[in-house]
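Undergrad:
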Amino acid sequence: MFDWEAAWHAALYGPGGFFARGEKPSSHFRTSPLVGPELATALLELLSRVDAALGSPPVVDFVDVGAGGGELAFAVRSLASGSLASRLRVTAVELGPPVELPGVRWTSVVPSCVGLLVGHEWLDSIPCPVVTGPSSDPWITRWWPSLGDGEQAEVGAPRDAAWAAAVSSVRGAALAIDYGHLVSSRRFTLTGYRAGRQVPPVFDGSCDITAHVAFDSAADAAGGDWVLVSQRDALAALGLTGSVSGSGWEWLESAARAGRIAELRDPRGLGGFGWLLHGCGIAVADLLPALPPWRPNPASFSVA
Ligand SMILES: C[S@@+](CC[C@H](N)C(=O)[O-])C[C@H]1O[C@@H](n2cnc3c(N)ncnc32)[C@H](O)[C@@H]1O
């Protein structure tokens with residue numbers, strides 16, 4: 000029988016695999032960190048709330064798991080200011096080759112962390128088994144009960160385990176930002192990306208292979224105090240709304256920034272991504288106000 004998980008793993012992380020050989024996500028698809036500095040600004044605001052809730056520890060971590068080219072980690076390092084900047088330690092966790100970036104340390108193993116751990120489009124790149132219904136797999140029975148005869152499904156158990164382990168290594172908060180679905184809206188989403196194009200998911204190392212994240216099972220596996228909200232709502236709650244003001248050059252800059260924020264908050268695009276936020280020893284309510292729960296947007300199924 001074909002071992003989907005092993006083939007997926009080899010295609011991305013085996014010798015010569017897509018990410019193992021150092022393909023940078025920025026060469027193949029557009030993610031929020033690549034839009035501009037605004038996501039990092041919002042995450043610094045979140046980190047400052049985590050820092051306050053932790054009582055301003057001597058060292059405060061920002062850990063970027065699945066860091067790709069390190070764009071987000073480097074932006075957070077560069078934009079930090081004041082007391083937080085002097086206590087900030089930024090770590091990029093990546094299975095692919097590290098990138099030399101001032102002020103960012105690289106590792107391939109999730110470290111323990113006091114601060115904020117972020118997995119930005121990390122969970123969707125963790126390989127899964129694929130089954131065809133009917134299936135007695137315990138994960139499918141619980142989290143994909145609608146799977147019909149002859150239909151395929153990605154089994155989210157490896158992502159749940161990875162997320163639970165990452166969350167357990169944190170004192171502060173852990174945030175997964177990704178595209179995903181819920182038990183009420185499951186569908187088979189396995190696909191490939193290469194050079195900006197969606198392509199068939201061929202397991203030969205020539206393309207990224209990804210599938211939507213089962214947010215509900217990942218949240219349940221990691222447990223504790225958590226919320227799942229949309230990127231659109233979370234960014235507004237962290238102060239990113241993007242008004243245009245001033246005149247001349249200042250107006251142009253604020254208009255460009257407003258355009259980038261609109262892209263990050265577009266409900267049919269990046270704004271439709273889920274933010275799964277766990278408080279680890281602190282309350283999520285100290286970090287974000289009450290927001291509407293995230294709902295998958297069918298249009299976002301084609302975004303990666
Ligand atoms: C879809 S890319 C996202 C890159 C970046 N976070 C962004 O949003 O632009 C996923 C990245 O996660 C990395 N990755 C996957 N599993 C990992 C693991 N267990 N530890 C560290 N990095 C991992 C891959 O090598 C790849 O660079």
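In this text, residue positions in the sequence shown follow numbering that gives the first Met the number 0: the first is 0, and each later residue adds one. For glycine and all other residues, C-beta sits at the position ideal for the given N, C-alpha and C.
Tell me whether THR188, by its Cβ, gets closer than 6 Å to a heavy atom of ligand 1.
TA: Your numbering for residue 188 matches position 189 in the sequence shown. Ligand 1 never approaches THR188 closely enough for any of its heavy atoms to be under 6 Å from the residue's Cβ.
Undergrad: If you count every other CB in all the chains shown that lies within 10 Å of the CB of THR90, and 16 or more means buried, which is it?
TA: In the sequence shown, counting from the first residue as 1, residue 90 sits at position 91. Result: buried.
Undergrad: Curious, which full-length alpha helix (DSSP H) runs of at least 4 residues does the region 94-158 contain?
TA: The qualifying runs are 137-142.
Undergrad: Tell me the DSSP bridge mates of ASP63?
TA: The count along the sequence shown starts at 1 and reaches residue 63 at position 64. ASP63 is bridged to ALA91, VAL117.
Undergrad: Can we say the region 274-284 touches the region 220-233, given the rule of at least three CB pairs closer than 8 Å?
TA: yes
Undergrad: Quick check for students: name the residue ranges of the alpha helix (DSSP H) that lie wholly in the region 153-219, counting only runs of 4 or more.
TA: 156-167
Undergrad: Could you check which residue in PRO32, PRO96, SER25 has the C-alpha nearest to that of TRP105?
TA: The residue you call residue 105 lines up with position 106 of the sequence shown. Among PRO32, PRO96, SER25, the Cα nearest to that of TRP105 belongs to PRO96.
Undergrad: Rounded to the nearest angstrom, what separates ALA235 and ARG264 at their Cα positions?
TA: The residue given as residue 235 occupies position 236 in the sequence shown. The residue given as residue 264 occupies position 265 in the sequence shown. Spanning the alpha carbons of ALA235 and ARG264 requires a straight line of approximately 8 Å.
Undergrad: Name the DSSP bridge partner or partners of GLY238?
TA: If you number the sequence shown from 1, residue 238 lands on position 239. Answer is none; GLY238 lacks a bridge partner.
Undergrad: Here's the rule: buried if 16 or more other CB atoms are within 10 angstroms of the residue's CB, otherwise exposed. What is GLU120?
TA: Residue 120 sits at position 121 when you count from the first residue of the sequence shown. Classification of GLU120: buried, given that the 10 Å Cβ count is 16 or more.
Undergrad: Once DSSP output is grouped into helix, strand and coil, what is the label at ASP285?
TA: Translated into positions along the sequence shown, residue 285 becomes position 286. DSSP places ASP285 in helix when its eight states are reduced to three.
Undergrad: Between which two residues does the beta strand (DSSP E) holding LEU227 run?
TA: As a first step, residue 227 must be located in the sequence shown, where it is residue number 228. Per DSSP, LEU227 belongs to the beta strand (DSSP E) from 224-229.
Undergrad: Tell me, please, which residues DSSP counts as bridged to VAL273.
TA: For the purposes of this step, residue 273 is taken as the residue at position 274 of the sequence shown. The amino acid occupying residue 273 in the given sequence is Gly; Val does not appear at that position. ASP177, SER229.
Undergrad: On the three-state DSSP scale, how would you describe GLY278?
TA: Position 279 of the sequence shown holds residue 278. GLY278: strand per DSSP, three-state reduction.
Undergrad: Would you say the beta carbon of SER124 comes nearer than 6 Å to a heavy atom of ligand 1?
TA: Along the sequence shown, one-based indexing puts residue 124 at 125. The answer is yes for SER124.
Undergrad: Helix, strand or coil for TRP250 per DSSP?
TA: Residue 250 sits at position 251 when you count from the first residue of the sequence shown. The answer is helix: DSSP assigns TRP250 an H, G or I state.
Undergrad: Quick one: what does DSSP say ALA5 is sitting in, helix, strand or coil?
TA: Locating residue 5 in the sequence shown gives position 6, counting from the first residue. Here ALA5 sits in helix by DSSP.
Undergrad: Could you tell me the alpha carbon to alpha carbon distance between THR139 and THR188, rounded to whole angstroms?
TA: Looking up residue 139 in the sequence shown gives position 140. Looking up residue 188 in the sequence shown gives position 189. Just to set this straight, residue 139 is Ile in the shown sequence, not Thr. Take the alpha-carbon of ILE139 and the one of THR188: they are about 15 Å apart.
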